[in-house]
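Visitor: Questions regarding the structure given below will be posed in turn.
Residue numbers (our numbering): 1 to 125.
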């Protein structure tokens, strides 16, 4: 991945802790470690509206299956999938966090490498 991601300090620490606890595969760990090493950390109030983070409603297109869906990303303690509030630490969250509208990212999953295009990002009130 050549793009430097933009993260709030809180999300940066959350991902770092997730890695430390070995909650991801070795391949995912390598990707996240590289991304964190080059990530730009900013304050939440300075986060642009079009960057995937906690508190954002993200429209993603999975290019492998051509499926499009919306996810509201929250911290892991606030996740309630039945209410469409998904942890930023789920596969789609980890794959897209810090990227912006229009970016295409690849992410290794149990079902093989998935390719996601970020179609829209908006702040949830």
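Backbone N, C-alpha and C fix where the C-beta goes; we use that ideal spot for every residue, glycine too.
As the structure is a computational prediction, the values presented were derived from the model and not from experiment.
Run through the DSSP bridge pairs and tell me what residue 86 is partnered with.
Guide: One-based indexing of the chain shown puts residue 86 at position 86. Looking at the DSSP assignment, residue 86 forms a beta bridge with 73.
Visitor: Quick check on the DSSP output: the alpha helix (DSSP H) that includes residue 12 runs from which residue to which?
Guide: Along the chain shown, one-based indexing puts residue 12 at 12. Run containing residue 12: 9-20, per the alpha helix (DSSP H) assignment.
Visitor: Taking all protein chains shown into account, do 16 or more other C-beta atoms lie within 10 angstroms of the C-beta of residue 48, making it buried, or fewer, making it exposed?
Guide: Taking the first residue of the chain shown as 1, we reach residue 48 at position 48. It counts as exposed.
Visitor: Within 10 angstroms of the Cβ of residue 1, are there 16 or more other Cβ atoms? Answer buried if so, exposed if not.
Guide: As a first step, residue 1 is located in the chain shown; it is residue number 1 there, counting from the start. Model confidence at residue 1 stands at a pLDDT of 45, short of 50, so the residue's coordinates are unreliable; what they give is reported in the following sentence. It counts as exposed.
Visitor: Taking only three categories from DSSP, how would you classify residue 23?
Guide: Taking the first residue of the chain shown as 1, we reach residue 23 at position 23. In this structure, residue 23 counts as coil in the three-state DSSP scheme.
Visitor: Give a yes or no on contact between the stretch 28-39 and the stretch 13-20, applying the rule of three or more CB pairs nearer than 8 angstroms.
Guide: The stretch 28-39 is in contact with the stretch 13-20.
Visitor: I need the boundaries of the beta strand (DSSP E) containing residue 109, first residue and last residue.
Guide: As a working mapping, residue 109 is identified with position 109 in the chain shown. Element bounds for residue 109: 104-109.
Visitor: So residue 64 packs on residue 23, CB below 8 angstroms; how close in whole Å?
Guide: Start at 1 with the first residue of the chain shown, and residue 64 comes out as number 64. Start at 1 with the first residue of the chain shown, and residue 23 comes out as number 23. Not a contact, Cβ separation roughly 24 angstroms.
Visitor: Specify the secondary structure class of residue 96 as computed by DSSP and reduced to three states.
Guide: One-based indexing of the chain shown puts residue 96 at position 96. Residue state, collapsed to three classes: helix.
Visitor: Return the bridge partner residues of residue 58 from the DSSP annotation.
Guide: Here the question's residue 58 lines up with position 58 in the chain shown. DSSP, once it has assigned bridges, lists 71, 121 as partnering residue 58.
Visitor: Starting from residue 42, trace the beta strand (DSSP E) in both directions and tell me its first and last residue.
Guide: As a working mapping, residue 42 is identified with position 42 in the chain shown. Where residue 42 is concerned, the enclosing beta strand (DSSP E) stretches over 40-42.
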